[in-house]
Structures are given as structure tokens and as C-alpha cells.
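Encoded as C-alpha cells, the structure appears first; notes follow it.
Number of protein chains: 4
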Amino acid sequence: MEEAQLNVVLLRHTPDPELACAAAARQCYSAAGVRDLQEKMTPEKVVALLDTVVRGGHHSVLEHASFTFGVEGVSRACTHQLVRHRLASYSQQSQRYVDAKTVKWVVPPKVKANGKAYEEFAKCMDSTLKAYAALEELGIDKEDARFVLPNAAETKIVVTMNARELLHFFEMRCCNRAQWEIHALAVKMLQECKKAAPNIFKYAGPTCETEKICWEGKMSCGKWKNIEGAQLREKGIC
Amino acid sequence: MEEAQLNVVLLRHTPDPELACAAAARQCYSAAGVRDLQEKMTPEKVVALLDTVVRGGHHSVLEHASFTFGVEGVSRACTHQLVRHRLASYSQQSQRYVDAKTVKWVVPPKVKANGKAYEEFAKCMDSTLKAYAALEELGIDKEDARFVLPNAAETKIVVTMNARELLHFFEMRCCNRAQWEIHALAVKMLQECKKAAPNIFKYAGPTCETEKICWEGKMSCGKWKNIEGAQLREKGIC
Amino acid sequence: MEEAQLNVVLLRHTPDPELACAAAARQCYSAAGVRDLQEKMTPEKVVALLDTVVRGGHHSVLEHASFTFGVEGVSRACTHQLVRHRLASYSQQSQRYVDAKTVKWVVPPKVKANGKAYEEFAKCMDSTLKAYAALEELGIDKEDARFVLPNAAETKIVVTMNARELLHFFEMRCCNRAQWEIHALAVKMLQECKKAAPNIFKYAGPTCETEKICWEGKMSCGKWKNIEGAQLREKGIC
Amino acid sequence: MEEAQLNVVLLRHTPDPELACAAAARQCYSAAGVRDLQEKMTPEKVVALLDTVVRGGHHSVLEHASFTFGVEGVSRACTHQLVRHRLASYSQQSQRYVDAKTVKWVVPPKVKANGKAYEEFAKCMDSTLKAYAALEELGIDKEDARFVLPNAAETKIVVTMNARELLHFFEMRCCNRAQWEIHALAVKMLQECKKAAPNIFKYAGPTCETEKICWEGKMSCGKWKNIEGAQLREKGIC
């Protein structure tokens, strides 16, 4: 059983993403054209404007910057969650076309840490691969043979999101309540974003960190207790 | 191995979906208010207006009618495709919370029709379920144990789409080029829609039927050859 | 100068909108099918489930209920803002096709309350209508003559949103920071929604009311000061 | 009366937009990772792949390339249409904040070509501006004074769309059935796109040109008659 490793590459993004968003924000309040606005905008002005925009929640201008990631080493369970974020674009490796005979597997950390569980898991992956190969030999097409492939099968996916959607994604998925795999993916994506556009993503992450509020109510992970001044709340109960 | 059966129920839809869309269409061209418009609209007028709207491709007014389906007996492979239709709403059975020890399986027809393949398939599902149960006994949570569950595992999902998106969905997924499972799902959904709103869905389906054109080029299934007057085409090649 | 009056009619909505959303929420956590789930769900269970869903921010299940409004007596300024809410469907009276010679006008309350301003305003509307009529007599089509029509010109529009988007819309537009006209529209729409689905819209409105937090920072209207226990905050500043 | 001039600037776009889309397309069918795929892809391969993708209508991979335009010299009538394209991002000059006392005007070509109409039009714009200034002097805020501003008032807007949505936009708005102003805007945007990504936008435009079919039925402009081999069709009538 070969294990897959999570790998996240920021393939490309809108050039000068922070200037792009800041100039668009200025356009709303200025009589000048956007090209003039962005030429005259100092780096300090960009930082100040983005701070106002991001902190005040006026995020629509952040849609003008897009980020494209190459993601490898994630399970099909993870991508089934991922693609539920609908304000985004995806191109995913297809099990209808790509042969899975040498597929790698995503192993949950708690399985890895449990010797007997790991053994069961590995045995299951091996017998599954044998069944997959046997089906192909019996003349079953990949698109039907893949029905035996488990959630653990590695997949690769290209993901494009704009900065506004990314902020929402990080708020949801960097939260401890998210599943460990999409949580790990989100954390890596956020690291890349912070390098490319630090002022846009300065306040990105779960609300316990950015707002000092956990909104999960009784579903909370409890992390808020370790954050000074943080509160546990729900809508309608204040 | 217990097999799942595809089951599609139209749970509910916008009341008077055809009147809803026809009255909205009239609003664009009339000085009167929409309530007056819909009160004065005869059934014949509704049919005539929808015919113009649907045939002419002016589909935005069809967004005012929504349809909600309960879908059972589909595989996780199918729903991973399904949820890629982003202009829709989904609530899906979660493998993080619902125990899979008695899960049913979706068996591809070509596997079912092939004795030896069916045997391999059934054996694989059985050993997978044993691994799943073993992992749970070893203290692995459902959200991690599910990594061994295959695409074939049955899932249930609630789907809401408006009529415009449904027309697009049927054009894509009632086409023979779609995979058999989502094709079967789309055909059943279309049957339900035709009962509820026959004039909206009169020209729904693959373009070989509705336009007498197959746009798939060399990827075509060839069905167009059996449709009188139908053509095989691609964008830019006429 | 004839004045337009704001009029909002809830034309139709998904039948049993609260049961629709509650049953979809249950589907995520249950092995049973959605039809069984909704048949077995008591009214009390629906209320309890929606309370959890709405307060906890797990709003995706609320997308299964849609609401369609007929809106009259709003200005083109208002609808230009309104249609920026992109997760919604619109059918609007077209100035390309509907003659404006008897159009009514939306008069801002502050203009109405200011005698001289009202006089200027009315004079301007009258001379505009004369110009419009003159252009038509000179052979100019409606689609070009309408270039002289002001923002104040009344328009009618059919609007469909699902409950999740409506909650977002009410959070934004029932806030005092929204412009008076779209604020008035949102308040009327919320009144209708509360009648049709009280448990979905129980905690709808600006965050000063629902969360006891104003997120507008220095842009705040100050209303939070009159709400016991309410706070003024921004992202990143806690 | 100062006239506004349409001005469209492609401010920025995803770097290497054609490689971005082609590599994403390859990811769907390849076991390799996307970074390897794009490094190995020759320019010829990119062109060939995009040709297949665009002609075959498999446009989802084109979403990975985004284009941001600065648009000036358009009327509020035009932007009210423009922002109805919901799969796009906009930042528009706000009449609530930007003073209109020196606003320019968009004059329809047919008004310009008609001496008396032009005179009426100019007179109306002048008296409107006087009313606007008078209202401000009477203490009316810009957000209310703007109710007298006509559709002809110039606005500026920053627009971001991905290539898939742009193809749809050009199909709709480069069609002669679109209004002259948004038609002119779309034609200029397409010119910019063709320079930046010629292989993505090779077959962009109205269907009479790209498919040799006019789908407008009896609403057709008749242009198809001048295109060799072109047909007039509607859905359901072949």
C-alpha cells in the first residue's frame, strides 16, 4: 500500500492581487478611471485600504483577485466535500479515464497511529486493488471498475477561487470542526495565500481567531477557551 | 451484498410553476403589476408564452420555478458528479455521521451482466464491510473508517434546482455521453418534471433530440444518425 | 408628477418551506430516505431542528425553500442595487419595451419633506417626461429615448431568492447603513417571510439585533448603543 | 453637455491564461500532477487541446483564467444590463459618494444623428444637472439628489469574468439583438481578449458566426442570411 502525501501548489494568481482589489475599491468612491487610480496608489495606501475593506467585511472587491492551486494527495472523500464550495472552479482527475492500478492511498492519521487498524486498512486497500485489476481483466471498463475504489483513493484536482470565496473557505475549513483532511488542505492553501497577498489574508481563518467568537455553540471544539477574551456564541443568543 | 435501487421522488416544487414563469416573462414587457398579469393570464396564454420562451432560449424567467427531489440508491461516484452542478442546492447523507455497516451497494449493469465480475465485485464489497466493522471495533471513528468505503456505497441526497438549471442538466446528462448512472438519474428526474410542468420541459433532453444537432464531434455516440434530419457538428466547424 | 408607492407581494413560495428545510437537514444525519423522514417529523421537531440550523449558521439546508416576490413602486436606483445580489433570479420591466410616458416617480422622503426641493424635483420630472415624449415624436425608439429617464422612474420586478440568500439579504439590507429605499424593500420582504416561515426567519435582520454586534466599525449608525449588551466590533479587532 | 466616450482597458488577467486552462484540461485525463503537466506542455499542444475544448463545448476548464476590465464611458442603463451577468464580479462608481455635477453623458448614436433630437436631449441633460445642483444646495444628500440623474449619466465599473463566462457573454452580447451600447462594450472586450488569449476566444461571438445558426427565430436580425450556409432555427423546430 503506497501512501499519498498532501501537496498544494499555488500555480498562479491574478498579477498584483492586492493592487487589483484596492484599485477596484477606490473606483467605487472616485470620479477618476481605474487605471489612473491604480497608477497613483502608493503601497501604503493599498495596505490601508485593504485593511478597511477586509476588517469591515466589504469583501466584494476581493473578487477581482483569483488564485489557482494544484492539489495532490487528497482523498475522494475530501474532494467530495471540497467541490461543495460552489463559487469556485475545479478540474479533477477522472476515474473514468485514469487507470487506478497504481493509485496511492490517503491514510487517516488515527488509522496510522493504530497498528491493528493500519493493518486492516492496508489489507483492505490491497484486496480492493486486486478486485479492481480482476474486473478490468474480465472486460469491465474503468468507469465501472472504479465502483470498488474507496474514498481513500488519491485524487488530484485543480482549484480556482477568488479571494472573497477563499476568505469564506478558510473561515469554514480552518476551523477545528472541519474534518482533518480538508482542514489540512485549507491550512496549506492559506499559507500560500498569505505569501502572495498578506494584506488580503491577514485576518483569514476560523472566527475564534479573527473575531474572538466561536459561533458553533454546543458543537464547539473548545479552542476559544484558550484565546484571551474569546466568547462562545450563537445567533439569537447573545 | 445488498443492492441499492435508484429511487427518485419529486418532493415538492414551486406552486403553479408554469404560471409563475409565464407571469414573470410578461412582467418584462408590461406596464401592469405581476399579480394582475398572472390573474388575467389564460392557460392558453401560459402555454403559448412558455413555448416562445423555451424555444427561443430566453430561459432566465424559468428560474422562478424550483423543484426539489429526494434521491436514493445512487453511488457516491454519481453524487460526486452531481454536485458539480453548482447552480443547485444539496443536502446529502453524511458518512461522518451515518453508520455504514448495513449500507447497500450500487452495482454497474455491466458488472451485473458478467457472472465472474459480479462475483469479484460482491466479494470485494463483503470484505470491505468487514474491514469497516473491524476499524470501528478498533476505536476508529466513522469519519475515518469510511475511508475504506467504495464509490459503490449507496448514498441519499436531497436536490433542488430551478427549471433553467434543470434544462441545462437534462441537456448534459440525458445525453448518451453521460455516465450510465447519472444518465439514469437524469431520465427519472425529467419524467417527474414533465408531469409537473409539461410545457417547461417539452423540449428538454440531449441536443440530438431537441435541436437535431449532436455537438460532440468525434466523441459522439452516433445516436444522431438515427434521427431524421439530424447533424453532427462542432463550434467553428459548420 | 405622479408618485409611486412601494408594494411588495409574496407571490408564491415552496410548499411547507419549514418542513422542506428540516427534512433536508435530517437527511444529512439519517439512514432513512427523505420522504420517510418528512412524514415522521412532528411540527415540534421541525421547530427544534430549524432553531439549531439557523442559530448555528448551518444554512445550506435553507436553500431548499424559495420565495418569489412581486415588487412595484421602486426606483431604477434601487433595482440596480438589488440585482447585485447574484444568488437570486430577476425578471424586470424593460424600458426598451414598456412606454414611459405615464411612468410614476419614486420621491426620496427627504426631498418630500423639503418644500423647495420637492418643487425642483417635480419640475425636473415634468421636463424630463416632455423630453422623452419629444424624442419619441422625433422618431427615437423607446430604447434610446429612455436615456433621459432618471433613477427616480418607477420599475417593477419579480424576485426569487432562497431562504439562505434571503437571510443574507436581510442582514445586509435591513441594516441602517443600507440606503433607505432598499432598506424599506427589505423590511417589507422580511415581514412577508416571517408570516410564511416564522422559524426560518426568526433571527433575520441586521447583526446588531441578531448577534448583538455591529460590525460596521466607524461606519456604524450607532443603533447598537440602544441595544442592551450590544458591542461595536470589526474583524481582527476584538 | 459633455459627451462620454466608451473606453475599455484589460487591466490584468491570469498569467499564461491558455496554459492555465490547457493544463487543467490535461489534469482530468492524466495520472501526473498539474505542475508536471504544464511544464511538459508544448505551445502546439496547448493550441490543439484548447481547440478541442472550445469547439467541443467542454468549457469548465476555461474558468481557471480570469480577465479584469476597467470600463469607462458607459451609461447606467448599460451597467444595469451588464450586472445581470451574475457569474462575474463588479466594482462600480457609486452615485451615493461621487458628486455628479461634472458628469458626462452617453448619447445614443440615433439621437446624435438627429439634430432636433440631439437638441432636446442636450437641453434635458442641462436642466437635469441644474436640478441636481439645486437639490444639493437645498441640503439634499447626493444619495437622494441622484434620483434626478438619468440613465444617460456616465458611470465607471471594474469587471472581472472568467473565460467561460466571457464566451457566454460574447455569444449573447455580440449578437445584433443586444442593445447597441452593451454590444459595443462586448465587441471591445472581445478585441482585448483575442489579443490576450487568441486560442480561447477564437470561436467567440454570436452563434450566427460560430455555429452558422441563428437561434432567435422570428426575432432574428437577419444577419444569418449573409453568412454562407447559415440557418435560422429554434429549439424543438428543426
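Chains as they are written, first to last, in my numbering: chain A, 1 to 238; chain B, 1 to 238; chain C, 1 to 238; chain D, 1 to 238.
Where a beta carbon is used, it is the ideal one built from N, C-alpha and C, also for glycine.
Only a predicted model underlies this, so the values are computations on that prediction, with no experimental measurement involved.
Comparing C-alpha distances from residue 10 (chain B) to each of B:150, B:158, B:127 and B:24 shows the shortest one belongs to B:158.
By the criterion of at least three beta-carbon pairs nearer than 8 angstroms, the region 95-103 of chain D is not in contact with the region 47-59 of chain D. Going by DSSP, residue 185 (chain D) is part of the alpha helix (DSSP H) stretching over 180-196. Partner residues in the beta bridge of residue 69 (chain C), as assigned by DSSP, are C:10 and C:159.
In the DSSP annotation of this structure, the continuous segment of the beta strand (DSSP E) that includes residue 90 (chain B) starts and ends at 89-92. Chain D has a Cβ within less than 9 angstroms of the Cβ of residue 211 (chain B). Between the alpha carbons of residue 144 (chain B) and residue 50 (chain B) lies a gap of roughly 50 angstroms. Taken through DSSP and simplified to helix, strand or coil, residue 220 (chain C) comes out as coil. For residue 203 (chain D), no alpha helix (DSSP H) segment is defined, and its DSSP state is neither H nor E.
Taking 7 angstroms as the Cβ-Cβ cut-off, the region 4-15 of chain D approaches chain A at 9, 11, 12, 14 and 15, given in chain order. When C-alpha distances from residue 168 (chain D) are compared across D:88, D:24, D:115 and D:13, the shortest belongs to D:88.
One thing to note: residue 185 (chain C) has its Cβ within 9 angstroms of the Cβ of residue 71 (chain C). Just measuring C-alpha positions, the residue of A:125, A:114, A:218 and A:90 sitting nearest residue 106 (chain A) is A:125. For residue 215 (chain B), a Cβ of chain D is located within less than 9 angstroms of the residue's own Cβ. Proximity of chain A to residue 35 (chain C) at the Cβ level (cut-off 8 angstroms) is not reached, the minimal Cβ distance being about 23 angstroms. Here the alpha carbons of residue 233 (chain C) and residue 213 (chain C) stand approximately 7 angstroms from one another.
For residue 179 (chain D), the residues of chain C that pass the 8 angstroms Cβ criterion are 96 and 143, in the order they occur in the chain. At a cut-off of 9 angstroms, the C-beta of residue 173 (chain B) has no neighbouring C-beta in chain D. Looking only at B:198, B:140 and B:222, the smallest Cα-Cα distance to residue 119 (chain A) is reached by B:140.
Residue 6 (chain C) is not a Cβ neighbour of residue 67 (chain C), given a cutoff of 9 angstroms.
Counting the other Cβ atoms within 10 Å of the Cβ of residue 219 (chain C) gives fewer than 16, which makes it exposed. Assigned with DSSP and collapsed to three states, residue 31 (chain B) falls in coil, not helix or strand. Unbroken alpha helix (DSSP H) runs of no fewer than 4 residues, entirely contained in the region 32-67 of chain A, are found at 34-40 and 43-56, following chain order.
No Cβ-Cβ contact shorter than 9 angstroms links residue 38 (chain C) with residue 179 (chain C).
Residue environment: residue 115 (chain D) is assigned as exposed (fewer than 16 neighbouring CB atoms within 10 Å of its CB, all protein chains considered).
For residue 25 (chain A), same chain residues with a beta-carbon under 6 angstroms away, outside a window of 5 residues either side, are 49, 53 and 61 in chain order. Burial state of residue 29 (chain D) is exposed, judged by a 10 Å Cβ sphere holding fewer than 16 other Cβ atoms. For the C-beta of residue 158 (chain C), the chain B residues within less than 8 angstroms are, from N- to C-terminus, 23, 24, 27, 34 and 64. For the region 32-61 of chain D, the set of residues with a beta-carbon nearer than 7 angstroms to any beta-carbon of chain B comprises 54, 55, 56 and 57, in chain order. Taking a Cβ-Cβ cut-off of 8 angstroms, the neighbours of residue 83 (chain A) in chain B comprise 80, 83 and 84, given in sequence order.
Using a Cβ-Cβ cut-off of 9 angstroms, residue 17 (chain B) does not count as an interface residue toward chain A, since no Cβ of chain A sits closer than that to its own. Setting aside the 5 residues that flank it on each side, residue 3 (chain B) is surrounded in the same chain by 104, 105 and 107, each with a C-beta closer than 7 angstroms to its C-beta; the list follows chain order.
Residue 217 (chain D) sits away from residue 174 (chain D), with the two beta carbons spaced by 9 angstroms or more. In the three-state reduction of the DSSP assignment, residue 152 (chain B) falls in the coil class, being assigned neither a helical nor a strand state.
The beta carbon of residue 120 (chain C) sits closer than 9 angstroms to some beta carbon of chain D.
Looking at the backbone, the Cα of residue 203 (chain A) and that of residue 225 (chain B) are separated by about 58 angstroms.
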